[in-house]
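Engineer:
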Amino acid sequence: MRKNLTGRLSEIKQSTRLQNTCPKPTEVKNNETCLKCEEGWEHHGPTCYYFSTNRSSWNQSREECRGRGGDLVQIDSKEEQTFLEKKLREKMNEAEDKFWIGLTDSEEEDRWLWVDGSELNTSLTFWSKNEPDNWKGKNGKNSDGEDCVRMGEKGGAVDMKCWFDQSCNEPHRRICEKAAQTGHYDCNCSFIPVKL
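Start counting the sequence shown at 386; every next residue gets the next number (my numbering).
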């Protein structure tokens, strides 16, 4: 009799654990729409972000983002900058472990364009102190200057200002973005029937 009760208690606990894995009907309705991202991408608002671990030039990074169905990130708000800056603090291993974003002045010096061709809104910039500086390197080693933008500050940035111009040929990690996919919640749960 004791053995049967122990087995029954185990079945009830298992059933309870399964019930807790489903959302309560008052919280989420079956088939309610949601936004989702592919594996390896991080969801925030209506957007999915991919933070690479490998390093590539700016152009190669852009191609790699496009190959994943997105593009280098275009920062459209202070809220988005805040989200990304905080994420990068977690992901950066050292001070120079910065990430390419989709901003460049490679077509015309000091005319900063996003990857979609739109101009940088000068009232919404997050340049670090003394940036952009178009540094040519010691003894003019980098004659093209710095035409692409990377972001990140290991210890956290003052006022979220962590954009730096850099030679587009330097290898860095990247942030890709694309729209989140629309999905539906599925609240169907399978329970192990409890025999009385």
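Every residue, glycine too, gets a C-beta built ideally from N, C-alpha and C.
Judging by CA-CA distance, which residue of 458, 551, 479 and 569 is the nearest neighbour of residue 429?
Structural biologist: The shortest C-alpha separation from residue 429 is found at 458.
Engineer: Among the candidates 503, 537 and 562, whose CA atom is the shortest distance from the CA of residue 472?
Structural biologist: Residue 472 has its Cα closest to that of 537, out of 503, 537 and 562.
Engineer: Taking only the alpha-carbon atoms, compute the straight-line gap between residue 545 and residue 447 and give it to the nearest angstrom.
Structural biologist: Roughly 23 Å between the two C-alpha positions.
Engineer: Suppose the cutoff is 8 Å on Cβ atoms and the five residues either side in sequence are ignored; what does the same chain contact list for residue 496 look like?
Structural biologist: Closer than 8 Å at the Cβ level, and outside the excluded window around residue 496, lie 490 and 504.
Engineer: How would you label residue 561, buried or exposed, when you count the other beta carbons within 10 angstroms and need 16 or more for buried?
Structural biologist: Classification for residue 561: buried.
Engineer: If we count Cβ pairs, one from each stretch, closer than 8 Å, do we get three or more for the segment 478–486 versus the segment 543–557?
Structural biologist: As far as the Cβ criterion goes, the segment 478–486 touches the segment 543–557, which means the pair count is three or higher.
Engineer: Residue 565 and residue 476: beta carbons closer than 9 Å?
Structural biologist: Result no, Cβ atoms of residue 565 and residue 476 do not sit closer than 9 Å.
Engineer: Within 10 Å of its beta-carbon, does residue 563 have 16 or more other beta-carbons around it, so buried, or fewer, so exposed?
Structural biologist: Counting Cβ neighbours within 10 Å, residue 563 comes out buried, since at least 16 surround it.
Engineer: Take the Cβ of residue 419 as the centre, count every other Cβ of all protein chains shown within 10 Å, and call the residue buried at 16 or more, exposed below.
Structural biologist: Under this definition residue 419 is an exposed residue.
Engineer: Could you name the residues of the same chain whose beta carbon sits closer than 8 Å to that of residue 439, not counting the 5 residues immediately before and after it, in chain order?
Structural biologist: The residues are 558.
Engineer: Determine the closest residue to residue 513 out of 470, 479, 529 and 499, with distance taken between C-alpha atoms.
Structural biologist: Here the closest residue by C-alpha is 470.
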